[in-house]
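Asks: Protein chains in written order, with our numbering: chain A, 28 to 450; chain B, 52 to 359.
A virtual CB, placed ideally from N, CA and C, is assigned to each residue, including glycine.
Remember, it's a predicted structure, so these values are computed and weren't measured experimentally.
1. Using a Cβ-Cβ distance cut-off of 7 Å, determine whether residue 344 (chain A) contacts chain B.
2. For the region 215 to 236 of chain A, which residues have a CB atom closer than 7 Å to at least one CB atom of chain B, in sequence order?
3. On the three-state DSSP scale, how would you describe residue 353 (chain B)?
4. Buried or exposed: which applies to residue 335 (chain B), given that a residue is buried once 16 or more other Cβ atoms fall within 10 Å of its Cβ?
5. From the DSSP output, read off the bridge partner residues of residue 120 (chain A).
6. Are the C-beta of residue 184 (chain B) and some C-beta of chain A separated by less than 7 Å?
7. Give me, in chain order, the residues of the same chain whose beta-carbon lies closer than 6 Å to that of residue 75 (chain A); leave out the 5 immediate sequence neighbours on both sides.
8. With 16 as the cutoff for other CB atoms within 10 Å, does residue 246 (chain B) come out buried or exposed?
9. Counting along the chain, where does the alpha helix (DSSP H) carrying residue 113 (chain B) start and finish?
10. Let me know the beta strand (DSSP E) ranges lying completely inside the region 267 to 345 of chain B, each 3 residues or longer, listed in chain order.
11. Short of 8 Å Cβ to Cβ, which residues in the region 235 to 259 of chain B face chain A?
12. Just to confirm the assignment, what range does the alpha helix (DSSP H) spanning residue 189 (chain A) have?
13. Run down chain A in chain order and give the residues with a C-beta less than 9 Å from the C-beta of residue 222 (chain B).
14. Who are the neighbours of residue 141 (chain A) on chain B, taking C-beta pairs under 8 Å?
15. Using a C-beta to C-beta distance shorter than 8 Å, which residues of chain B count as neighbours of residue 347 (chain A)?
16. Is there a Cβ from chain A that is less than 7 Å from the Cβ of residue 141 (chain B)?
17. Compute the beta-carbon to beta-carbon distance between residue 109 (chain A) and residue 361 (chain A), rounded to the nearest angstrom, for a pair I have assumed lies under 8 Å.
18. Determine, using beta carbons only, whether residue 164 (chain B) comes closer than 7 Å to chain A.
19. Any chance you could list the alpha helix (DSSP H) runs of at least 4 consecutive residues sitting entirely within the region 140 to 226 of chain A, in chain order?
20. At the level of alpha carbons, what is the spacing between residue 232 (chain B) and residue 292 (chain B)?
21. Pairing CB atoms from the region 173 to 188 of chain B with CB atoms from the region 105 to 123 of chain B, are three or more of them under 8 Å?
22. Roughly how many angstroms separate the alpha carbons of residue 31 (chain B) and residue 330 (chain B), rounded to a whole number?
23. Using a Cβ-Cβ cut-off of 7 Å (strictly less than) and excluding sequence neighbours within five positions of residue 191 (chain A), which residues of its own chain qualify?
24. What is the C-beta distance between residue 344 (chain A) and residue 189 (chain B), in whole angstroms, given that I count them as a contact (C-beta under 8 Å)?
25. If we define contact as Cβ-Cβ less than 7 Å, is residue 298 (chain A) a contact residue for chain B?
26. Return the bridge partner residues of residue 401 (chain A) from the DSSP annotation.
27. Taking 8 Å as the cut-off, does the region 56 to 74 of chain A touch the region 100 to 116 of chain A (at least 3 CB pairs, one atom from each stretch)?
28. What are the partner residues of residue 47 (chain A), as DSSP defines its beta bridges?
29. What span of residues does the alpha helix (DSSP H) with residue 70 (chain B) cover, start to end?
30. Closer than 8 Å, Cβ to Cβ, to anything on chain E: give me those residues from the region 31 to 46 of chain A, in chain order.
31. Mind reading off the beta-carbon distance from residue 354 (chain A) to residue 331 (chain A)? Whole number of angstroms is fine, and I expect it under 8 Å.
32. Out of A:393, A:70, A:136 and A:71, which has the shortest C-alpha to C-alpha gap to residue 90 (chain A)?
33. Would you call residue 182 (chain A) buried or exposed, if buried means 16 or more other Cβ atoms sit within 10 Å of its Cβ?
34. State the Cα-Cα distance for the pair residue 126 (chain B) and residue 198 (chain B), rounded to the nearest angstrom.
35. So is residue 204 (chain A) buried or exposed if we call it buried at 16+ other beta carbons inside 10 Å?
36. Within this structure, are the beta carbons of residue 115 (chain A) and residue 79 (chain A) separated by less than 7 Å?
Dropping the structure here:
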């Protein structure tokens, strides 16, 4: 018997160009049919007035497991993912110890399976210890199940090493996700360089720290032909560099975070440590450029860069605070409220950035409701009004810049491989 | 009427409020330096000095100012405190606050930290310098000094010279001078005087020799030795050649130019001894004014604490 029927929802599947009110039948953990069905089913969801889309994918998440399990574990992180409507999360390797060997990758895969909630795909480090010098065993990491390679948190500062990595990684077919930040330009910066940083007496990170790094990586990718993904783009100049490279046919994809799409450096006023993030929040022109980039496809995906930090790491001097904000439980609502409700993006465009966009960037068979695909499905109530309350998050951490914000849009039900997940 | 609980910076004050404090400080001048003329205004209050960065002037000045108003003063040695054991800032200040304290005078190396402290404690917090953000009482004593020596502030052209980027004194002075309608030109190498200061109302100049003659006031900043050599400019001798205030440069300046320095001075680097000790300089008057200004600030804050 088919396990699930979702009735009467507005089915939006950008991969198929689909946006219509219809039914979805799930059988044996897969999408059996889109369209009215008359089979007996074990369970039915009445999805009238709801949006049904492929399970959302967050391709940039930090879980502190191993390393700092008080901040987040694979179990709590995958629960936070479900709470936020995500069926797949992709975890960065800057754990302690880092995921630079196949056993560490298997550990993540196993723990993800044990948690039994969202799909957890680990990312392997590009270099051993993320030291930027020796390549990791990319082949073995690939066999162990990583979805991509990244030294996120750091940029591979040596062009020679990055070139070798792009070239070697081709044997795996996996992308290299680059955190573009030249540390010799970023220096001790803790916020966007500019008049506000000058006024507040905080050292600034110039846009060139990110843009010179993006430019270098694009040039290498163009020459070597590897698969490059630029993660958390934060500047208008960066968007333009990627747009121009795509025009030339460079194999590059990019993502931007919900906070870079909605907040500016003004959030730092008052030395709010929940506005301390890397790359830093920039100016309105950058936010506008990122939004335009998302709309025209230069930016393929939204990824939260969910970065849990404990209270003591944030309740301190601004220049001592750990950079990073969480996002799994707020990404959907914040973007619906600020981008869809305002008419900047359509529902289809937003869902694409959270489904087919990341799926194609990673080359994984997810992000779609094509019959035969895994039944990873998110049911969204587009009209649900609520107030973000970090104190009630499923995540173990609370460092959220959107705390207290009134939002609209919420995931109501999350299905992974045909099973409804509850947290 | 003053209703602020804390004294964190000059940015949030109006020109009227600044003038109010300066007038009160001027009134305190005769008594500020004379122990025998101490007033009892703050008798019965407890003031704690928490200096997480070293200080000579500001620290002693606050201690004397509070004492001459009759407050009981506890001067903490942060380097001898449990901060050295890794105790965080929030715990440190809340611990002291829990002992029943009326005023905390705090200096800290992180910009914004003193404002954060104000949010964590019930005492009134006074900013004695936070990172590279503000040093509001320094700004006030500098304004008082200019007013005394020049008779006014409005319409003057003030040149601030040196490591502007890392200077909280420069920022507080810039804020106060703009509110009081003076012109400010920031002078130094581009690496230490970035153009972003133009958006805060200052002019930026890199050629001291061709700017010095315009200035009614020359405010010299200390160049930190650790910034010499490599990071922000190539060498000490290069810096001195281009930006040091010495007798030769003074010849290009107005004959009645007022020379100021917040101290401590690196004699021979940003300023030579003959200029620092010469008739145009007001360095020690700045220090004396500092006690009066801090008495005025404490007096005003105490008034607002008492609801008066």
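Replies: Based on what the coordinates show:
1. Position 317 of the first chain holds residue 344 (chain A). Cβ-Cβ to chain B under 7 Å: yes for residue 344 (chain A).
2. 221, 222, 225, 226, 227, 228 and 229
3. As a position in the second chain, residue 353 (chain B) is number 302, starting the count at 1. Note: residue 353 (chain B) maps to helix in three-state DSSP.
4. Here residue 335 (chain B) refers to the residue found at position 284 of the second chain. Flag for residue 335 (chain B) reads exposed.
5. Stepping through the first chain from its first residue, residue 120 (chain A) is reached at position 93. Beta-bridge pairing links residue 120 (chain A) to no other residue.
6. As a working mapping, residue 184 (chain B) is identified with position 133 in the second chain. Judged by the 7 Å Cβ criterion, residue 184 (chain B) is in contact with chain A.
7. To locate residue 75 (chain A), count along the first chain from 1; it is residue 48. Cβ neighbours of residue 75 (chain A) beyond the five flanking positions: 35.
8. Here residue 246 (chain B) corresponds to residue number 195 of the second chain, with the count starting at 1. Counting Cβ neighbours within 10 Å, residue 246 (chain B) comes out exposed, since fewer than 16 surround it.
9. Here residue 113 (chain B) corresponds to residue number 62 of the second chain, with the count starting at 1. Run containing residue 113 (chain B): 108 to 119, per the alpha helix (DSSP H) assignment.
10. 268 to 271 and 309 to 311
11. 245, 247, 248, 250 and 251
12. As a first step, residue 189 (chain A) is located in the first chain; it is residue number 162 there, counting from the start. It spans 186 to 196 - the alpha helix (DSSP H) in which residue 189 (chain A) sits, taken as one unbroken run.
13. For the purposes of this step, residue 222 (chain B) is identified with residue 171 of the second chain, where counting begins at 1. Under the 9 Å cutoff, chain A gives 225, 226 and 228.
14. If you number the first chain from 1, residue 141 (chain A) lands on position 114. What residue 141 (chain A) touches in chain B: nothing, since even the nearest Cβ is about 35 Å away.
15. For the purposes of this step, residue 347 (chain A) is identified with residue 320 of the first chain, where counting begins at 1. Per Cβ cutoff of 8 Å: 161.
16. To locate residue 141 (chain B), count along the second chain from 1; it is residue 90. So yes, residue 141 (chain B) belongs to the interface.
17. As a first step, residue 109 (chain A) is located in the first chain; it is residue number 82 there, counting from the start. As a first step, residue 361 (chain A) is located in the first chain; it is residue number 334 there, counting from the start. Rounded, the Cβ-Cβ distance is 18 Å, inconsistent with contact.
18. Here residue 164 (chain B) refers to the residue found at position 113 of the second chain. So, interface residue.
19. 165 to 171, 186 to 196 and 210 to 213
20. Position 181 of the second chain holds residue 232 (chain B). Position 241 of the second chain holds residue 292 (chain B). If you take the alpha carbons of residue 232 (chain B) and residue 292 (chain B), they lie about 32 Å apart.
21. yes
22. Not covered by the structure: residue 31 (chain B). The range shown for chain B is 52 to 359.
23. Within the first chain, residue 191 (chain A) is the residue found at index 164, counting from 1. Excluding residues within five positions, the ones whose Cβ falls inside 7 Å are 162.
24. Residue mapping note: residue 344 (chain A) aligns to position 317 of the first chain, counting from 1. Residue mapping note: residue 189 (chain B) aligns to position 138 of the second chain, counting from 1. With 8 Å as the limit, residue 344 (chain A) and residue 189 (chain B) do not qualify as a contact, their Cβ atoms being about 21 Å apart.
25. Start at 1 with the first residue of the first chain, and residue 298 (chain A) comes out as number 271. Chain B, which has a Cβ nearer than 7 Å to the Cβ of residue 298 (chain A), makes this yes.
26. The residue labelled residue 401 (chain A) in the question sits at position 374 within the first chain. Residue 401 (chain A) is bridged to A:57.
27. no
28. In the first chain, counting from the first residue as 1, residue 47 (chain A) sits at position 20. Answer is A:38, bridged to residue 47 (chain A).
29. Walking along the second chain from the start, residue 70 (chain B) turns up at place 19. It spans 66 to 83 - the alpha helix (DSSP H) in which residue 70 (chain B) sits, taken as one unbroken run.
30. No chain E appears in this structure, whose protein chains are A and B.
31. Stepping through the first chain from its first residue, residue 354 (chain A) is reached at position 327. Stepping through the first chain from its first residue, residue 331 (chain A) is reached at position 304. Rounded, the Cβ-Cβ distance is 3 Å, consistent with contact.
32. Looking up residue 90 (chain A) in the first chain gives position 63. Nearest C-alpha to residue 90 (chain A): A:136.
33. Walking along the first chain from the start, residue 182 (chain A) turns up at place 155. By the 10 Å Cβ count, residue 182 (chain A) comes out buried.
34. Walking along the second chain from the start, residue 126 (chain B) turns up at place 75. Walking along the second chain from the start, residue 198 (chain B) turns up at place 147. For residue 126 (chain B) and residue 198 (chain B), the distance between alpha carbons rounds to 31 Å.
35. If you number the first chain from 1, residue 204 (chain A) lands on position 177. Result: buried.
36. Here residue 115 (chain A) refers to the residue found at position 88 of the first chain. Here residue 79 (chain A) refers to the residue found at position 52 of the first chain. No.
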